[in-house]
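Chains as they are written, first to last, in the UniProt record's numbering: chain A, 1 to 326; chain B, 1 to 327; chain C, 1 to 312. A quick write-up on the structure given underneath.
Structure, rendered in structure tokens:
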């Protein structure tokens with residue numbers, strides 16, 4: 001058990017190191033001085049003296065690269081990611097803390113729905129293979145998953161938001177309502193999240209269904225399934241405890257790919273629905289050439305993705321006794 | 001041993017004219033063709049033949065475990081006066097394991113890898129005895145492991161923590177869980193080394209002595225069968241070609257195929273003889289000949305064998321064989 | 001010819017996918033001849049709805065949408081296929097090398113693959129593109145190709161490992177064939193369906209990735225591709241002002257092409273994993289099995305009645 005988790009942890013640390021290095025190298029390898037660009041982009045909000053502080057914080061000190069890298073790492077792990085340029089002098093960490101809950105809301109709820117519904121449909125489709133649901137929903141939802149998220153987001157926005165005018169199409173809640181633990185605010189948040197969630201679920205559902213169905217079909221050929229049937233267990237028990245319980249393992253290992261897909265979807269969908277999450281903030285940072293904010297967001301996103309992967313590893317460990325040492 | 005046990009016995013499972021076909025594209029391939037025989041109470045019957053002769057297909061069909069593309073097209077399997085093949089899902093569920101349990105070919109793959117042995121014993125106990133409480137289930141599970149020679153402390157372990165031999169014992173323990181009247185064993189020791197095979201077969205004999213169940217032992221290994229069975233049925237290309245008490249099959253085989261099969265194994269009693277085997281390959285079931293299916297490989301074939309397929313001829317009350325030479 | 005027929009027989013997804021993909025290739029290749037207008041010139045008033053003159057309407061700046069979508073296909077398809085090719089070549093090289101050389105090389109390459117597999121691609125690419133400024137189609141193809149290989153490499157390695165265990169490879173090794181020859185002659189030909197599947201998967205990812213980057217505004221807005229068409233449509237609030245064709249047409253083009261690739265990918269999956277094939281046979285089996293069961297049941301019922309009569 002320790003071996004498995006520590007080797008996985010090692011990957012994540014390495015992956016985070018790659019992201020850090022990427023962040024460190026980019027401004028140094030790109031043509032032009034990034035601080036000149038930032039200075040220009042800030043439109044006078046930053047004074048030259050403050051720019052010098054920023055430079056130091058990002059490791060732009062005189063000296064060889066490894067010294068710079070060390071300064072950079074120290075800067076990052078001090079927990080201070082510097083001020084944003086667009087929202088100067090608000091600290092980057094504060095901006096991230098403000099937008100993170102929105103993204104987690106979308107990611108969490110949509111994943112919960114797509115995973116539970118997708119896996120159940122996958123199990124059902126494999127069990128009734130060649131049946132009505134399997135012949136229509138399996139290829140249909142899988143193809144829907146290949147539907148570009150920006151297109152489905154625009155169509156959904158157009159249909160439900162503009163044409164039918166059922167639900168709000170922009171922002172995370174009605175700004176006229178005071179934020180707080182009130183039912184009114186909660187309903188406003190829910191109605192604003194509805195269309196982005198619908199888009200995310202539509203694009204995510206098919207992937208889970210497809211993975212689970214194919215894994216189930218491979219598992220159903222195993223001897224222990226036949227033995228389960230021979231034991232006179234109910235069809236339901238064989239399906240869940242014998243087939244699905246085994247078929248889910250390869251699905252859990254494929255989580256990494258699905259998380260990448262989800263992050264890409266969040267970025268685009270938050271932009272289209274002008275949702276106040278991390279993805280939308282990232283695009284704001286890109287267009288404002290706000291490098292401190294951009295790098296803070298990137299490291300946060302990478303960190304969250306790695307944590308999600310680690311949670312999937314824990315789930316795998318819990319599901320597969322073969323990995324636990326006796 | 002065989003003579004007296006057969007005489008006293010009454011039928012437990014009566015297989016009548018069972019045929020199983022495989023659906024391959026638009027064609028049908030007959031894997032089991034009109035097979036009939038009876039398994040008596042307390043009796044051990046061997047079912048022998050080359051791989052691909054339909055013996056495993058037959059075994060699966062007996063409890064309706066056939067998987068696509070296999071279809072049971074004809075026949076009845078009478079157990080306690082009822083046709084098992086006509087059972088619906090619910091009747092089948094109640095019949096399975098309670099009356100007839102199955103020990104599968106590979107213990108490696110027939111245990112569920114992600115749930116403990118305990119759960120795999122208890123789930124079958126619980127589903128057939130809903131009244132049993134937790135403590136009773138545990139006691140019974142421990143007892144079952146003890147019966148097959150596994151220390152009960154290993155109850156909560158998972159299949160991957162067991163050696164090959166132990167897994168096969170665990171499967172045996174599960175098969176005994178409901179004290180079935182018949183255990184179908186499909187090549188139960190093929191994957192094991194000879195020493196472990198020996199131990200398990202000895203154990204099986206003891207258990208049979210103790211509980212008095214019947215066994216249908218499917219194997220390609222006649223010498224293994226010779227030790228434990230009362231009667232042996234021999235299949236070739238989906239058809240039953242000979243059935244007789246074990247001694248008759250081993251020492252007085254009548255069908256040329258059985259003779260070849262007997263000759264391809266070393267003698268049990270250690271007497272030296274030349275192992276001949278059977279020339280040629282198993283026939284192509286897609287293209288069955290008009291005559292005897294074994295004709296092409298048969299060393300004693302005649303003109304008549306090419307023309308018509310022989311029927312199963314009764315040689316004496318216990319011995320039947322399917323060959324023109326015997327009529 | 002015969003083998004092509006055999007390939008598509010019973011593999012509806014592959015057939016439909018191929019038809020869609022080839023139609024798109026053909027339309028893009030023929031764009032200069034079939035496009036009714038110059039895609040880059042203003043040919044009418046802005047945001048004209050579809051009419052006989054402009055079958056798919058015009059953009060805000062008065063360009064013909066049909067001509068644009070045809071020309072855009074050339075860029076989008078080229079970027080998709082090029083970066084799909086880059087990703088596939090890297091995946092095959094790394095995967096097969098890893099499996100065949102083994103040892104430390106394998107450990108290192110798999111480490112690299114697993115690290116890149118867990119890194120979220122799009123945010124990295126967005127940051128990269130942000131530093132590069134506006135990126136043209138060539139840079140997009142390169143970037144997407146260089147980020148698109150890890151999933152494929154892992155599958156390639158697994159497949160190559162299992163083929164390596166097969167008898168014919170062992171035989172070739174015993175004969176003393178060179179490693180290169182074994183890889184090229186014995187292993188790669190057995191991975192064709194997987195390689196094609198990886199390629200279609202990577203190309204699908206690249207088409208979507210390019211569209212996403214351009215839509216976000218990181219691409220070169222002067223290039224005509226499906227992504228930039230969507231970018232302009234979004235920028236000009238086409239949907240909100242009611243000019244739905246401006247956004248829907250490039251959107252549908254990406255969606256249909258993406259589905260063609262996804263279908264092709266599904267078809268390849270069926271070949272690599274034959275268990276997934278043939279639900280048609282299964283249906284026939286179910287029907288026959290149910291019929292036989294009904295007959296047995298009927299027979300038993302009638303016997304029961306007969307038995308009761310005799311007893312009575």
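Every residue gets a Cβ at the ideal spot worked out from N, C-alpha and C, and that includes glycine.
Are the CB atoms of residue i and residue j nearer to each other than 8 Å?
i	j	result
residue 106 of chain A	residue 193 of chain A	yes
residue 242 of chain A	residue 269 of chain A	no
residue 194 of chain C	residue 135 of chain C	no
residue 66 of chain C	residue 32 of chain C	no
residue 255 of chain B	residue 306 of chain B	no
residue 233 of chain A	residue 171 of chain B	no
residue 248 of chain C	residue 40 of chain C	no
residue 29 of chain A	residue 117 of chain A	no
residue 285 of chain B	residue 238 of chain B	yes
residue 201 of chain A	residue 110 of chain A	yes
residue 21 of chain C	residue 251 of chain C	no
residue 134 of chain A	residue 106 of chain B	no
residue 12 of chain C	residue 246 of chain C	no
residue 253 of chain C	residue 232 of chain C	no
Looking only at its own chain, which residues have a Cβ that is under 8 Å from the Cβ of residue i, when we skip the five neighbours before and after it?
i	result
residue 214 of chain B	12, 13, 39, 40, 41, 42, 43, 44, 45, 181, 182, 183
residue 173 of chain C	182
residue 77 of chain B	13, 14, 15, 16, 18, 61, 62, 83, 84, 85
residue 15 of chain A	302, 306
residue 112 of chain C	94
residue 6 of chain B	Interpretation of residue 6 of chain B is limited by its pLDDT of 47, a score under 50 that renders its predicted location unreliable; the figure taken from the coordinates is listed afterwards. Counting only Cβ-Cβ distances below 8 Å, and skipping sequence neighbours, we find 40, 43, 230, 231, 245, 318.
CB-CB under 6 Å to residue i, same chain, minus the five flanking residues each way: which ones, in chain order?
i	result
residue 28 of chain B	21
residue 80 of chain C	203, 206, 207
residue 243 of chain B	37, 233, 320
residue 191 of chain C	159
residue 267 of chain A	279
residue 152 of chain C	91, 198
residue 301 of chain B	295
residue 4 of chain B	Caution is warranted here: a pLDDT of 46 is assigned to residue 4 of chain B, below 50, making its placement in the model unreliable, and no coordinate value can be reported.
Identify which residue in the options has its Cα closest to the Cα of residue i.
i	options	result
residue 258 of chain C	C:299, C:209, C:247	C:209
residue 177 of chain B	B:165, B:152, B:127, B:121	B:121
residue 147 of chain B	B:60, B:209, B:221	B:209
residue 51 of chain C	C:39, C:60, C:64, C:40	C:64
residue 103 of chain A	A:274, A:294, A:79	A:274
residue 147 of chain C	C:70, C:184, C:101, C:85	C:85
residue 76 of chain A	A:300, A:319, A:210	A:300
residue 117 of chain B	B:141, B:263, B:231	B:141
residue 143 of chain A	A:256, A:163, A:203, A:92	A:203
Residue i touches chain C at which residues, Cβ-Cβ below 9 Å?
i	result
residue 68 of chain B	281, 282, 285, 286, 289
residue 20 of chain A	Within chain C, no residue comes near residue 20 of chain A; the closest Cβ sits about 11 Å away, beyond 9 Å.
Using a Cβ cut-off of 8 Å, pull out every chain A residue sitting near residue i, in sequence order please.
i	result
residue 123 of chain B	231, 233, 237, 241
For residue i, return the contacting residues in chain C, with the cut-off set at a CB-CB distance below 8 Å.
i	result
residue 71 of chain B	285, 288, 289, 292
residue 31 of chain B	What residue 31 of chain B touches in chain C: nothing, since even the nearest Cβ is about 14 Å away.
residue 275 of chain A	Going along chain C, no residue has its Cβ under 8 Å from residue 275 of chain A, so there is no contact; the nearest lies around 14 Å.
Closer than 9 Å by beta-carbon distance: list the chain A residues that pair up with residue i, in chain order.
i	result
residue 129 of chain B	Neighbours of residue 129 of chain B on chain A: none; closest Cβ ~12 Å, over 9 Å.
residue 106 of chain B	223
residue 102 of chain B	226, 227, 230, 231
Mind reading off the beta-carbon distance from residue i to residue j? Whole number of angstroms is fine, and I expect it under 8 Å.
i	j	result
residue 236 of chain B	residue 162 of chain B	Actually they are not in contact, since the Cβ atoms of residue 236 of chain B and residue 162 of chain B sit about 36 Å apart, beyond 8 Å.
residue 250 of chain B	residue 262 of chain B	6 Å
Residue i versus chain C: which residues are under 7 Å apart at the beta carbon?
i	result
residue 85 of chain B	296
Among the residues of its own chain, which have a CB less than 7 Å from the CB of residue i, if the five just before and after it don't count?
i	result
residue 168 of chain C	186
residue 333 of chain A	With chain A represented from 1 up to 326, any question about residue 333 of chain A goes unanswered, as that position is not in the structure.
residue 205 of chain B	228
residue 74 of chain A	none
residue 37 of chain A	289
residue 166 of chain A	160
residue 160 of chain B	113
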